[in-house]
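Undergrad: Quick one: this structure, given as structure tokens, is what I'll be asking you about.
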Amino acid sequence: MKLRWDHPLWRRHAPGLVRRLVQAYLLTCPCELVAAPEVKKLMASGPPVIYTTWHCHLLSPLFTVRQFRGSQLPMVLMASPSRDGEFIAQVARGLGFPVLLGSRRKGGVQTLRRMADWCRRGYSCGMIADGSRGPARVAQKGPLYLARETQAAILPVAVAARRKLTFDSWDRFELPLPLGRIALLVGDPLRVWPEDRGPALELKRLELESRLNHLFRQSQAYYPAQGKIF
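Just remember that our numbering sits 140 ahead of the position in the sequence shown, which is counted from 1.
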């Protein structure tokens, strides 16, 4: 029997299979945290924060951020309500993360309000800065709205992998390969104040985009080039 990607049997069992496979091979990838001392302290024992990264790096932080967060610090994630987003959500739920579904085009405002409620209850938040459809590496305002509402700091994140596959997709998705080192690059906190609206909020969006792209460039140069285009 030929099993299609959209076959119900595959959709039901694939997230658990992918989670186990990725967990297994990332155990072979030593991971280091590259961040300022105050950022490491904030991640380990501070108040809730908002982690955000580009879509091309969405997979590895699911498995690596928790190594450097205090075990007592819970985290909630936002994923797209699309078929691919639901797939990622199932993988994340299998790892113990609560996941809320929403996007810029479908239920995003309501989902951000729900995330804000979780954040006020002590949960850090994780979301993709350029969304589920891009444009790639152009920051959207979702993380900024959440930061303004909760007064939680935004921590920009990028991932460097010594061995990786880079997919020829809209986001140039990167998949770390087994037996290669991984570095989690975390930038300085970005604050969004209640009065940041209109042009002031746009300046913060540009600042977030600049910081994420700076980290992205660092991630590409962190290890000698050993990646392949797939």
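All residues carry an ideal CB built from backbone N, CA and C; glycine is no exception.
#1: Whole-angstrom Cβ separation of residue 272 and residue 225, contact assumed at under 8 Å?
#2: In its own chain, which residues sit with a C-beta less than 7 Å from the C-beta of residue 302, not counting the 5 before and 5 after it?
#3: Would you kindly check if the distance between the Cβ of residue 315 and the Cβ of residue 358 is under 8 Å?
#4: Looking only at its chain, what residues have a beta carbon closer than 7 Å to the beta carbon of residue 262, apart from the 5 residues adjacent to it on each side?
#5: Does DSSP put residue 317 in a helix, in a strand, or in coil?
#6: If you drop the 5 nearest sequence neighbours on each side, which residues of the same chain put their C-beta closer than 8 Å to that of residue 284?
#7: Judging by CA-CA distance, which residue of 275, 287 and 281 is the nearest neighbour of residue 259?
#8: Taking only three categories from DSSP, how would you classify residue 156?
#9: Report the start-end ranges of each beta strand (DSSP E) in the region 181 to 208 that is 3 residues or longer and not cut off at the edges.
#10: Where are the beta strand (DSSP E) runs, 3 residues long or more, that stay fully inside the region 219 to 304, in chain order?
#11: Under 8 Å by Cβ, that's how I've got residue 202 and residue 232 pegged, so tell me the actual separation to the nearest angstrom.
#12: Do residue 300 and residue 352 have their beta-carbon atoms positioned less than 8 Å apart in this structure?
#13: Rounded to a whole number of angstroms, what is the C-alpha to C-alpha distance between residue 241 and residue 234?
#14: Would you kindly work out how many angstroms separate the C-alpha atoms of residue 168 and residue 318, rounded to a whole number?
#15: Relative to the C-alpha of residue 174, which residue among 204, 158 and 190 is closest?
#16: By DSSP, does residue 145 sit in helix, in strand, or in coil?
#17: From the DSSP output, which residues share a beta bridge with residue 323?
TA: Short version:
#1: Counting from one through the sequence shown, the residue named residue 272 turns up at place 132. Counting from one through the sequence shown, the residue named residue 225 turns up at place 85. At roughly 6 Å, the Cβ-Cβ gap stays under 8 Å, so residue 272 and residue 225 are in contact.
#2: Walking along the sequence shown from the start, residue 302 turns up at place 162. So the list reads 320, 321, 363 and 366, once near-sequence residues are dropped.
#3: Numbered from its first residue, the sequence shown carries residue 358 at position 218. Numbered from its first residue, the sequence shown carries residue 315 at position 175. Cβ distance not < 8 Å, so residue 358 and residue 315 don't count as in contact.
#4: Reading the sequence shown from its first residue, position 122 is the one you call residue 262. 188 and 214.
#5: Against the sequence shown, residue 317 aligns to sequence position 177. Looking at residue 317 - three-state DSSP - the assignment turns out to be coil, as it is neither helix nor strand.
#6: Locating residue 284 in the sequence shown gives position 144, counting from the first residue. Hits under 8 Å: 294, 332, 336, 341, 344, 345 and 348.
#7: Residue numbering aside, residue 259 sits at position 119 when the sequence shown is read from its first letter. The shortest Cα separation from residue 259 among 275, 287 and 281 belongs to 287.
#8: Working through the sequence shown from its first residue, we reach residue 156 at position 16. Helix at residue 156.
#9: 189 to 193
#10: 239 to 241, 264 to 268 and 293 to 301
#11: On the sequence shown, position 62 is the one that residue 202 refers to. On the sequence shown, position 92 is the one that residue 232 refers to. Contact holds; Cβ gap of about 6 Å.
#12: The residue you call residue 352 lines up with position 212 of the sequence shown. The residue you call residue 300 lines up with position 160 of the sequence shown. Their beta carbons are not under 8 Å apart, which means residue 352 does not touch residue 300 by this criterion.
#13: In the sequence shown, counting from the first residue as 1, residue 241 sits at position 101. In the sequence shown, counting from the first residue as 1, residue 234 sits at position 94. Approximately 15 Å between the Cα atoms of the pair.
#14: Taking the sequence shown and counting its residues from 1, the one referred to as residue 168 is at position 28. Taking the sequence shown and counting its residues from 1, the one referred to as residue 318 is at position 178. Taking the straight line from one Cα to the other gives about 6 Å.
#15: Against the sequence shown, residue 174 aligns to sequence position 34. Among 204, 158 and 190, the Cα nearest to that of residue 174 belongs to 204.
#16: Translated into positions along the sequence shown, residue 145 becomes position 5. With a pLDDT of 46 at residue 145, under the threshold of 50, the modelled position of this residue cannot be trusted, and the question is left open.
#17: Taking the sequence shown and counting its residues from 1, one reaches residue 323 at position 183. Its beta-bridge partners are 172 and 300.
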